[in-house]
Amino acid sequence: MVGAGGIGCELLKTLVLSGFENIQMIDLDTIDVSNLNRQFLFRRKHVGQSKAFVARSSALKFRPGTSIEAHHGNVKDDKFNIEFVQGFDVVLNGLDNLEARKHVNRLCLAADIPLVESGTTGYLGQVTVHEGKNINACFECSPKPTPKSHPICTLRDTPEKPVHCVAYATDLLFPKLFNSNRDLTSDLDEEDARDARAFTRDAENGESFATFATRVYDFVFRTKIEVLLLKEEMWEKRSRPKPLPAFRDVVKGESADDVAAGADATLQKPSASEAVGVADAQKVMTVEQAARVFVSSVARIMTRDAEAAAKREDGVCGTDAFDKDDALAVDFVAAVSTLRSANYGIPPQSPFDVKGVAGNIVHAVATTNAIVGGLIVLEAMKILRKKKDAKGVEDDASAKQKSYPPCRYTFVKKRATNNRLLEPVEPDPPNASCAVCGQARLELVCDTESFTLGRLLHDVLKKKLGMHAPEINAPETVLYEHPEGLEEDEIAQYEKNLLAVLTATPAGGVRNGTELDITDYSQKFEFKLLVTHRPRSEWDEEEDPDLFILRGDQSAIGEAEEGDGAEAGGDAAAAGDDDDDFEIVDDGDELEIVESADAGTKRKRDASAEEGAEGAEKARRVE
């Protein structure tokens, strides 16, 4: 099982009491006070400890003889690979991260191991079964919603809401400081060049991580604001922002290193806020507190990354993206959000609220988690019974014809429909147009003359598609490979490629109509990606703030190949969009409900589908 949060605690308890004897569990999170109201395997004394280890210890009290192995780590770690998954009969997901869920789905497909998925929000929940290719749909066969984006210019220069301050921290400043490719530079204009210097640590002259953090603080929250104020036209109809005092004036009489260390001179404590004496996550931080947390979190994250890099052969290591389960990352985002709010006169949020906004978190109802945990176990039993009865009788026709209890999708509803609170329906059939388990190709619409290979790697393949270690192949050359195991000159060349716009990449560039081969060997996931050019002048940043569209409509791809790809890309841009839809996409620990950018088509059912299917369909989405 993957995940030891809200659903995970209920699931582990039910597995143990149902007689399951060999269980392995993965979770990377530690216990927080906010978990205690619904994650019953944990107590206040466990706060700060590993969820996986404590859950194992607590569950063994129900049946001491049960074999439970706990892993404190990220399911995307290399050790949890396809071979690892092949050692199990079934995988049960209680994850609260869409990217990780996609990764587990692909591992299970590659390993040919059934997957039981789940999610809850409030009184609503769902359990879906994915038995494998050509049996039923995989987790990614239906479109998954993506968090609503905000225009970059709003986040960068003119934030108006608390969510803008949080998004600035997670989407702009966090990757700027901590991405593994943060030190790479390109042909920058004057302002960007100044930014590059501000965000580059002077390691040659011995600048410490803490001193670097104070310099970033002064640049982001003071100097940049002063520069913006010079653009008078921007503030004719807006309130003028206010530069914050320099760091030395906010925190007087203390060195940067002393501020970063706080009560932990080793910088090993995984909570910057606790180290500097900001312990109450429910209270809004002052500017001084936020400044201290900012410097301490930056120093600790960079120390952690440096130590991890020293252990790698290629010496490359960075925190590629914000993770709400990373305490230091949450500290950083909470501090930046508070300071940014002070700049623009926006009501500040507590660290607890910031975490909720950053992770699109809605806390679940414990009862719903319990129901969903039980349903997961029932579906697991069905799968295991099939496997047990099929062992050694692969060639026995009578055994193949044996009637087994069918696996179901089950939806938990808030109100009874047709006198039902639980609505079981037939699993979706395999989807031939799915890029993960089917044969579909995907299409990327972007301005190939300004869209970089680095954005393709990080924003499209990793962030949008949840790939772990993608390889990008053009028709005539390899554009990018994961650096592990490569020579230094190869790594340097691929990093150089990432800086180039698509049309300037090696072997003639990636242009309108170019088809790329994308492969992730760690997931055994590969597909073809058609690149369609749309000039920058045709994009509306308000409607498409990412300045790219990713879609998998095979018919549209065929049109693009046969005719003008740019026109095909433009006409189909809004196909399937439904901004009013919401979908449950995460689980009972800290559940993500986001506005759907790709509502997709409702699944079709046979006319004989059981009564109440319509109600179940509605249960999949919360409006």
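Numbers 62 to 684, taken from this note's numbering, label the letters of the sequence shown in order.
We put the CB at the ideal spot given by N, CA and C, even for glycine.
In the three-state DSSP reduction, R476 falls in the strand class (E or B). Beta-bridge pairing by DSSP links R481 to T478. Non-local C-beta neighbours of T189 in its own chain, meaning closer than 6 Å and more than five positions away in sequence, comprise E178, Y470, ordered along the chain. In the structure shown, D88 falls within a strand segment according to DSSP collapsed to helix, strand and coil.
Only residues of its own chain outside the window of five on either side were considered, and among them W296, R301, P302, P304 have a CB closer than 8 Å to the CB of L290, listed in chain order.
In the DSSP assignment, L238 falls within the unbroken alpha helix (DSSP H) covering 235–239. Cβ atoms of I579 and P544 stay farther apart than 8 Å, at about 17 Å. Here L78 is exposed. Its C-beta has fewer than 16 other C-beta atoms within 10 Å. The three-state reading of DSSP puts F609 in strand, counting E and B together. Within 10 angstroms of the beta-carbon of V94 lie fewer than 16 other beta-carbons, which makes it exposed. Proximity to I174 across S316, H225, K194, K74 peaks at K194, based on C-alpha coordinates. Restricted to the region 322–378, the alpha helix (DSSP H) segments that are unbroken, complete and at least 4 residues in length are 333–336, 348–371, listed in chain order.
Only buried fits K285, as 16 or more other CB atoms lie within 10 angstroms of its CB. In the three-state DSSP reduction, F586 falls in the strand class (E or B). Annotation for M528: L522, I579, D581, Q584, F586 place their beta carbon closer than 8 Å to its own, counting only its chain and skipping 5 residues before and after. Straight across, the Cα-Cα distance linking M62 with A427 is about 19 Å.
In the DSSP assignment, H529 falls outside any beta strand (DSSP E) and carries neither an H nor an E.
D279 and F260 have their C-alpha atoms roughly 11 Å apart. In terms of Cα proximity to L153, the closest of I444, E551, P488, E548 is I444.
Rounded to whole angstroms, the gap between the alpha carbons of C70 and N98 is 12 Å.
Cα atoms of N558 and L608: separation of roughly 20 Å, rounded to the nearest angstrom. The beta carbon of V359 lies closer than 6 Å to those of A274 in the same chain, with the five residues before and after it left out. For E178, there is no enclosing alpha helix (DSSP H); the residue is found in the beta strand (DSSP E) stretching over 176–182.
Taking 8 Å as the upper bound for CB-CB distance, G186 and I432 are in contact here, some 6 Å apart. When I84, V108, N96, Q110 are compared, the shortest CA-CA separation from P125 is found for I84. Close CB contacts of I407 within its chain, under the 8 Å cut and outside five residues either way in sequence, are with P220, E221, K222, P223, H225, C226, R401 (chain order). Pairing G434 with T75, the inter-Cα distance amounts to about 7 Å. Under the three-pair Cβ rule at 8 Å, the region 554–571 counts as touching the region 503–517.
Taking G155 as reference, the option from T182, D138, K137, I68 with the minimal CA-CA separation is I68.
Between the C-alpha atoms of G267 and A342 there is a straight-line separation of about 34 Å. C507 is bridged by DSSP to H594, F609. The Cβ-Cβ distance between C199 and L176 falls below 9 Å.
Under the criterion of beta carbons closer than 8 Å, V354 and V337 qualify as touching, at roughly 6 Å.
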